[in-house]
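Worksheet for the structure shown next.
In full-length UniProt numbering, the protein residues as written are 1 to 169.
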């Protein structure tokens, strides 16, 4: 229980920092019913295929935070070399390069940077990685499609718009 209290105190501090000094293009807040689950939005970085997109994520923290990283998952449909079909990310700071000094702002900034700078050598989405390496124009076309889908309000609309078709990403 003591660990959980420490995690909650840290999340309150992270939230205060995020609201008082939010990085550009990033917002997030805890679920009103559970401080251990956060909803966040990342806006696509300018001058990238993700520009103009607004992408929703969830961050789920364990009682071991900040000693262990949260689980971060895109709710918005994504087409990116380092994002799995289920929305989970292949991002080093959420795995082997985690440090307790990272806060929510740092996590979300890293996720936003990943959109701008994919790592096709460590793919979570093989199709996206291959297109990124071999046909950048087609990769950008597919990404722009996900940007347009990101404008929809919720995932039910998203499924309806794509007809449940995985290739629609």
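Ideal placement from N, C-alpha and C gives every residue a C-beta, glycine not left out.
Contact between residue 57 and residue 42 holds, with the beta-carbon distance rounding to 7 Å and staying under 8 Å. Comparing C-alpha distances from residue 38 to each of 108, 100 and 52 shows the shortest one belongs to 108. Between residue 152 and residue 49, the alpha-carbon positions lie close to 18 Å from each other.
Boundaries of the beta strand (DSSP E) around residue 59: 54-60. Between the C-alpha atoms of residue 148 and residue 141 there is a straight-line separation of about 11 Å. Residue 21 sits away from residue 103, with the two beta carbons spaced by 8 Å or more.
With a cutoff of 8 Å on beta-carbon distance, residue 131 and residue 61 are scored as not near each other. Taking each of 117, 111 and 86 in turn and checking the Cα distance to residue 26, the smallest one comes out for 111. In the three-state reduction of the DSSP assignment, residue 148 falls in the helix class, which pools H, G and I. Under the three-state reduction of DSSP output, residue 76 falls in the coil class, being neither helix nor strand.
If you draw a straight line from the Cα of residue 33 to the Cα of residue 46, it is about 34 Å long.
Between residue 79 and residue 126, the C-beta spacing is not below 8 Å. Of the residues 98, 77, 81 and 52, the one whose Cα lies closest to the Cα of residue 71 is 98. With contacts defined by Cβ atoms closer than 8 Å, residue 68 and residue 35 do not form a contacting pair. Residue 117 and residue 133 have their alpha carbons spaced roughly 13 Å apart. Note on residue 136: under 16 other CB atoms within 10 angstroms of its CB, so exposed under the neighbour-count rule.
Taking residue 31 as the centre and dropping the five residues before and after it, the same chain places the C-beta of 37, 38 and 39 closer than 8 Å to its C-beta, in chain order.
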